[in-house]
Every structure is written in C-alpha cells, then in structure tokens.
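Using full-length UniProt numbering, the first residue of the sequence shown is number 1, and each one after it goes up by one.
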Amino acid sequence: MSKTLVIVESPAKARSIGRFLGKKFTVKASMGHVRDLPKSQFGVDVEHGFTPKYITIRGKGDIIKELRTAVKKADRVLLASDPDREGEAIAWHLQNVLEIDEDAPCRIEFNEITKQAVQNAIKSPRPIDHNRVNAQQARRILDRLVGYNLSPLLWRKVKKGLSAGRVQSVAVRLICDREEEILSFVPEEYWTLTGVFAARGKDPFEAKLFKIGDRKADVKSQEQMEEILKELKGVSYHVQKITRREKSRLPAPPFTTSSLQQEAYRKLNFTARKTMMVAQQLYEGLELGKEGPVGLVTYIRTDSTRVAASAQDEARAYVRQKFGAEYVPEKARQVAARGRAQDAHEAIRPTSVGREPEAVRPYLTGDQYKLYKLIWSRFVASQMSPAVIDTTSVDILGGRYIFRATGSVIRFPGFLQVYEESRDEETREEEGLLPELAEGEGLAVKSLTPKQHFTQPPPRYTDATLVRALEEKGIGRPSTYAPILETIIKRGYVVREKKHLHPTELGMVVVDLLKKHFPDIIDVEFTAQMEGSLDRVEEGEMDWVQVVRDFYGPFQDTLSRAEEEIGKVSVADEVTGEVCEQCGRHMVIKMGRYGKFLACPGFPECRNTRPLLEPTGVPCPRCGGDLVVRRSKKGRKFYGCSHYPDCDFVLWDEPAREKCPRCGQMMVIKKGRGNKAELQCINEECRYRLKQADNGGAGDEASREGVASGADLPAKTLPLVAREGRRRSRRVAETEQTGL
C-alpha cells in the first residue's frame, strides 16, 4: 500500500488534517522553520551575490531526524505549510533538508482547514514557487543587512543592546513624529452654544448654534459669546426648515489581518500579538466534541476582502433562514481590494457559517470564543442588506442666529441585527428622536448654555491606529504588524500607557539620529517602495539579488559616512531624590524591558536596583500604606501596596479616591468602550456602580479582574473576580514587584 507523508508546521494543524485523511496518509509537524541564518554570524556572503548561509535551527535536529525517517517510509511527500511567502520558504527549506527532488510536485496549500479544502489540495500538488521563496529570502537578507550593520553602530554611538530594523525603525518614527506634533500643538479656544427648545405641548429637545447670518458659527472667545447671548435676549424662535432624508448604511467588509487586529483591540482589548495567537488556534483547528478537530476560520494572514462564492451562498442562505428574505441583498456583495493589497487569499471568515458561536462555545476558551464570535459576526453582517436610517434635521431661526437639531431613527436594521463596527475615537454624539414639528411653528427657549472648548492635538497612536497607519502607508505586510509592535516595545523605544503608545527618550534619540544620518532607512515612502519591490519579486518581475544590491550599495556608503560623522550620543538618565541604601548615590531612572525602574548610577561597582514607585494617592485598604503603580514582567500595569512584601494587596484596576457611598469600601475605575468609565465597589456583596465622565485614568491591555489579592481582608471585602485565587496573587506580587 502506497503511503503519503504530509508535513505541516504545528501539531494542532497535524491533528486537524490527519482526521480528514485516511490510513494511506501520515501527517507530521516541522514545528515551524527548520533552517535560518545564524544568530551569531552575519550569515550573508555580500561578495558572491548575497548568498545566505543557512544552518539548522538549534533544537530542531531531532525533528529533522524524525522527518527524514518518515520520508524514507513514504512513497510521496507533500509540504503543507501556510499559503504565504513565509510558508513557501518553510516548504523550500524542508525540501532541501529532506532531499526532495527540486522539481517534484510536493507543495500543497489550502486557505482553510476543512475536509473538502484539504482533499482538494492533495489532488493538485505543484512544485515549490521559487518567486515566493526569493521574495521572502530577499526580505530576510535585507533585514539582516540593516540589523547586523546598523545595530552595532548604535551600540558604539548610543548604548549597548539597541537594535535598528528596516521596518521597526519606521514604526518608531511614526510614533515619535506624532509626539512632536503633540508637543508643538498650540490649542485654540472656541465656544459652543446649546439651546433647549420646546413647541407647545411637546417634549423639549436640544439644538446647537450652527450659523450666524449666512456664515458658519465660529465663536473664538468669551467676549464674542457674551455678545451673542445679549443679542439673543428676548428673541423669538421658530422652525425655519425641516429636512428629512433616508440614508442607507452599508456593512463593513469581512476582516483582513489589519482590520481584525484593529477591531479586536477596540472591542476585546486584545493586543495585536494576542489576536494573532488566538486566531492561529482557530485556524489550525480545535476539538469540537464528536466532530473532532476542526479549523474554525480561514487563513488569518491576508490583505484581501474577497470571499469565495460558495461561502457567500452559504451565508445568504443562513441569513434568509434566520432573519428573512428582506435581510438578503439582491446581489452578493464583493468589496474591491485596496490599492497595495496583494489579494492572494480570501478575507478572514468562518469556515462554516452554520457553526454559530454559541454552538461551539462549550469547546472554546473565553478568548477563542470572543474572537471567533467577532469574526463570525463580521462576516455574516458583511453579506446582509444595508441598514436604512431616517434622519431629520431641524433649523431654528432666532434673529440672525440659526440653531440646528438632528435626530435619526433606524427604519430597517439590516446588518445591524448582527454586528456594528466600532471606532478608534468615539467622538460622535448620540442622535435621539425629535418631536413632530412643522415649518414656521413657534418655539420657546428653555435655556441657552455656552460652553468653552479648546482644540485638541492629534491623538497618540494605539495598537489599532498604528496597525492601520502601517497598512495605509504600505509598511510591512499582514504577518509583520504584530511582531513590529512587540519589538519596538520590547526594545524600550516605545511604552504603552493608558492604551496609547508613547516614545521613550531613547526612542526619540535613536529616531533623530537615524533621520539625520540614514534618511532612507527611516523614510516611510522608501520603505513602502521596498515592499513594492518585494511584491514584484514574488510576481517574477524583478530579480531578488538586484533588489538587494540596489539597496546595499547606497546603504554601505551611508554607513561609512555615519561612522565618521556621528560622535558619542548620551541619553541622560533622570536623577531622582531616592538615595541608594548601599552606596549613598542618588538613584536614576532606567528603562528596562518591563518598564522604568530605579538603578544606582555607580554600576557596575554598585548593582542596586529598585522598582520605580508611582504613587496613586490612594491608601491601601488593608494596612494604610500607599498604593503605587507597578508593571508585571509582561508589561501589564497593576497597583500594589508600597509596604510589599509585608503587605501583598494587589489590584488590576486603577484605585479611585472616592469611597463607596453604600458600604464605605474602596472603589476602582472600570473603563469601557468610548473611554467611558464607571466606579465599582470592590466589595463582592455590595458591587455598587457609579457612572462618571472620562477621567483619563489608567486602562491598559490588562484584564479587568478586579482585586487580585485579599488574604487578610474580611469575607465581605474579598476580590471582585479573584478566579485564580490568592496563591496566584502572592506569586504575582513576589515575582513581578521584585522582578524590576
């Protein structure tokens, strides 16, 4: 009996695929890449066509040995790594390591891990696509040329341990440029005027000053506003104009990698890395009881919004049966790919709409369920009819002043029955219903409320908005967004604070240096053009060696000049009033991989370090000490007692100064969508909640788990959701507070 060996990347993928294939197939996992450039050497022969030196990755020897044994027992070998450039490169390395014929049709690929997709792929194997391999190889070598030449320069000129990357440095530049915009921003004052009006026997409603005469209202000072209020005294008001119109609102397209990362961040508070980790689990396959391991979503690294006709037909049939024929558009909707999209794969969607999120929920973790529901809902909504919204605009005339009120009613919900896309900055005001009015109808003014405002600087990037900017500017590709974010934070160039990305002083210094001496490396357009060149290599239109050579020549010249021109750059440490208890020096603030910490400037003679305690102004409810801000080893912000280790009280949520008005216990700040916050009592028996305006408090990517420790508190003040118990809390306190 002939045997076929199928090699995939991961054991989870192997289990899922193995279930679809019979006894004639053996499925093995390579555990990702098996070869790469050496870490301890340059690994690229610049003099001989940039030939790479590949070596077996440490720890992969036993895996390769096992695969070679399996190859000898098989009559045919199929390489089924992911359907992208990196997957093609993995297949090519396996082909070389396992000594498979170069021209053999050994490569198969599928966009989803379902029985039909896998069986169809096995029927049509093809040779390795060397254009794809070369595009990935060119990217890897370009990154090596930059990293292994530029990073040592930074070590010599700035400080040891720094790194520079062809793409990561541009991402840091975007963040630093935005910070400079914010610092140089000069706020401008402006005023708004809100009136409350009412017609006889009808409910009052709000309207805002919209026009003064024939020009738009633009009130810049309190003096102008006072003049307006004087003129409006004793003025009579009436409805000047009523405009009614019907708006059709289209659903958002299915997810691409970028839009999935953005929406998961906004709706679920997932970082890009976490989103991709969970999405990979959904793609590779999960055990669904009697159904066995099943891939729940299609391939997760894509820039396309295209959907297969069969998937659209299934979704339309589901919507018709679930909601009715009026919720199904006449024609299936396809959204055109954006300008720089490769459009190599479908959009991210469920492999079967019939697997409703609630039906598979018992077999998924909480995070898997949340992300699957997001993907499923977005796809189903994308195939539904538009929502129809009736909007009404009422212009109210008083003297030469026109106030405008708007209201809207959803006449037909359409796709909104299933899903509504969120926004990065929730700025739009809710539009309510307006009473029935007629043109010319008189109105009484109940109140006129002036309000002072100041223009705001552009917001700092979040994970979501940075990913969107990278995509729009053509920097990186779907598989690189999450690693870029993690790298720039890990290297200490950027920190996350209250969900926003702030450049560190080190990040600003490095970006300024690169701007001056390596303008191409740090240039957004140059990096985007390089991505375009790699795309053309994949399409067979350019030679990868020429692409690398065209880059390396000018880069090497620039590197030589920079070595001579750049002097030693010092990043001054911030001196604090804290005294080192070992040598008496004033301690300085350092930036480590887990955030800021205090260190003795006498290093290496004195190696004393301490956590940097940022006070909250809130006393510890257990011992009366100060609650301070700390960071875990994973960068998560939490709040602990300054008397640690004598007191191990810990909170994940920001403590509030206010006490609970019902029971007198501590309250914490819970932040929700749209930057809206509420106070919540930590007493499980009380759970008092109080909505409040945005306080600008902390609210990073940490889970909202309430109090994480409470060993010595009375029963009524035990943690809100201390699901993992006190043992975990003490471990967190002991390892994370001293880990700095």
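Backbone N, C-alpha and C fix where the C-beta goes; we use that ideal spot for every residue, glycine too. Since the model is a prediction, treat every value here as computed from it, not as a measurement.
### Task
Take residue 745 and list the residues in its own chain whose beta-carbon comes closer than 6 Å to its own, dropping the five residues that flank it on each side.
The question about residue 745 has no answer, for the chain in this structure spans 1 to 740.
### Query
Around the Cβ of Lys-247, are there at least 16 other Cβ atoms within 10 angstroms (buried) or fewer (exposed)?
Lys-247 is exposed by the Cβ-count criterion.
### Query
In chain order, what residues of the same chain lie with their CB nearer than 7 Å to the CB of Arg-132, ignoring the 5 residues before and after it?
Taken in chain order, the residues that qualify are Arg-85, Glu-88 and Glu-538.
### Task
Have a look at Leu-154 and Asp-143 and give me their C-alpha separation to the nearest angstrom.
Approximately 16 Å between the Cα atoms of the pair.
### Message
Residues in the same chain with beta-carbon distance under 6 Å from Asn-134, minus the five sequence neighbours each way, listed in chain order, please.
### Response
Its chain contains Val-537 and Trp-544 as the residues whose beta carbon lies nearer than 6 Å to that of Asn-134, once the 5 sequence neighbours on both sides are disregarded; these appear in chain order.
### Task
With a floor of 4 residues, list each alpha helix (DSSP H) that falls wholly inside the segment 278-323, ordered by position along the chain.
Annotation: the segment 278-323 contains the following complete segments of the alpha helix (DSSP H) (minimum length 4 residues), in chain order: 309-323.
### Message
Just to confirm the assignment: which complete beta strand (DSSP E) runs, minimum length 3, are found wholly within the segment 155-218?
### Response
Within the segment 155-218, the complete beta strand (DSSP E) runs of at least 3 residues fall at 189-198 and 205-212.
#### Entry: Beta-carbon separation (whole angstroms), Thr-302 vs Ile-242, contact threshold 8 Å
Their Cβ separation, rounded to whole angstroms, is 47 Å, which puts Thr-302 and Ile-242 out of contact at 8 Å.
### Message
Just to check my reading of the structure: Val-146 and Ala-171 have Cβ atoms closer than 8 Å, yes? What is that Cβ distance to the nearest angstrom?
### Response
Between Ala-171 and Val-146 the Cβ distance is about 14 Å, and since that is not below 8 Å, they are no contact.
### Task
For the alpha helix (DSSP H) holding Leu-229, just list the boundary residues, first then last.
Per DSSP, the continuous alpha helix (DSSP H) segment holding Leu-229 begins and ends at 222-232.
### Query
Where does Thr-69 land, buried or exposed, given buried means 16+ other C-beta within 10 angstroms?
Under this definition Thr-69 is an exposed residue.
### Message
Please give me, in chain order, every unbroken run of the beta strand (DSSP E) with length at least 3 that falls completely inside the segment 532-590.
### Response
Taken in chain order, the unbroken stretches of beta strand (DSSP E) that lie wholly in the segment 532-590 and span 3 residues or more are 574-579.
#### Entry: Span of the beta strand (DSSP E), counted from its first residue to its last, around Met-666
Residues 666-671.
#### Entry: Outcome for Asp-648 when other beta-carbon atoms lying within 10 angstroms are tallied against a minimum of 16
By the 16-neighbour rule on beta-carbons within 10 angstroms, Asp-648 is buried.
### DSSP beta-bridge partners of Gly-442
Assignment of beta-bridge partners to Gly-442 by DSSP yields His-238.
### Query
With respect to the beta strand (DSSP E) encompassing Arg-266, which residues constitute its N-terminal and C-terminal limits?
Per DSSP, Arg-266 belongs to no beta strand (DSSP E); it is in the alpha helix (DSSP H), 257-268.
### Query
Are there 16 or more other CB atoms within 10 angstroms of the CB of Cys-106, so buried, or fewer, so exposed?
Cys-106 counts as buried, since no fewer than 16 other beta carbons sit within 10 angstroms of its beta carbon.
### Task
Take every Cβ of the segment 510-520, pair it with every Cβ of the segment 171-185, and state whether three or more of those distances are shorter than 8 Å.
Three or more pairs of CB atoms, one per stretch, sit closer than 8 Å, so the segment 510-520 contacts the segment 171-185.
### Task
Could you work out which residue in Ser-382, Gln-452, Pro-357 and Asp-395 is closest to Tyr-419 when comparing CA atoms only?
Closest by alpha carbon: Ser-382.
### Task
Since I believe Leu-282 is in contact with Gln-368 (beta carbons under 8 Å), could you give me their beta-carbon distance rounded to a whole number of angstroms?
The C-beta distance from Gln-368 to Leu-282 rounds to 6 Å, short enough to meet the 8 Å contact threshold.
### Query
Do Gly-292 and Arg-19 have their CB atoms nearer than 9 Å?
Note that the C-beta distance between Gly-292 and Arg-19 is below 9 Å.
### Message
Taking a contact to mean a Cβ-Cβ separation below 9 Å, would you say Leu-374 touches Glu-263 in this structure?
### Response
The answer is yes: Cβ separation under 9 Å.
#### Entry: Cα-Cα separation, Glu-99 to Tyr-54
Using only the alpha carbons, I get a separation of about 15 Å.
### Task
Tell me residue 741's beta-bridge partners as DSSP assigns them.
Since the first residue shown for the chain is 1 and the last is 740, residue 741 is missing from the structure and cannot be characterised.
### Message
Just list the residues that DSSP pairs Leu-679 with in beta bridges.
### Response
In the DSSP output, where bridge partners are listed per residue, Leu-679 has Ile-669 and Leu-690.
#### Entry: Contact check, Thr-462 vs His-502, beta carbons under 9 Å
It is not a contact, given that the beta carbons lie outside the stated cut-off.
#### Entry: Span of the alpha helix (DSSP H) around His-517
In the DSSP annotation of this structure, the continuous segment of the alpha helix (DSSP H) that includes His-517 starts and ends at 505-517.
### Query
By Cβ distance, which residues of its chain are closer than 7 Å to Ile-488, with the 5 residues on each side in sequence left out?
Within the same chain, and ignoring the five residues on either side of Ile-488 in sequence, the residues whose Cβ sits closer than 7 Å to its Cβ are Gln-168, Ala-171, Val-172 and Val-494.
### Query
Which residues in the same chain have their Cβ closer than 7 Å to the Cβ of Gln-312, if we skip the five residues on either side of it in sequence?
Excluding residues within five positions, the ones whose Cβ falls inside 7 Å are Ala-332 and Gln-383.
#### Entry: Buried/exposed call for His-345, threshold 16 Cβ in 10 Å
Burial of His-345 is indicated by the presence of at least 16 other C-beta atoms within 10 angstroms of its C-beta.
### Message
Just list the residues that DSSP pairs His-453 with in beta bridges.
### Response
Beta-bridge annotation (DSSP): His-453 is paired with Tyr-190.
#### Entry: Cβ-Cβ distance between Phe-412 and Val-394 below 9 Å
Contact: no.
#### Entry: Neighbourhood of Gly-213 by C-beta distance below 6 Å, restricted to the same chain and skipping five residues each side
The beta carbon of Gly-213 sits closer than 6 Å to those of Arg-400, all from its chain and outside the five residues before and after it, given in chain order.
### Query
Is the Cβ-Cβ distance between Asn-111 and Thr-391 less than 9 Å?
No. Outside cutoff.
#### Entry: Reference Ser-385; option with closest CA among Val-353, Pro-329 and Ala-438
Per the Cα distances, Pro-329.
### Task
Assign Tyr-401 to one of three DSSP states: helix, strand, or coil.
In the structure shown, Tyr-401 sits in a strand (DSSP, three-state: E or B).
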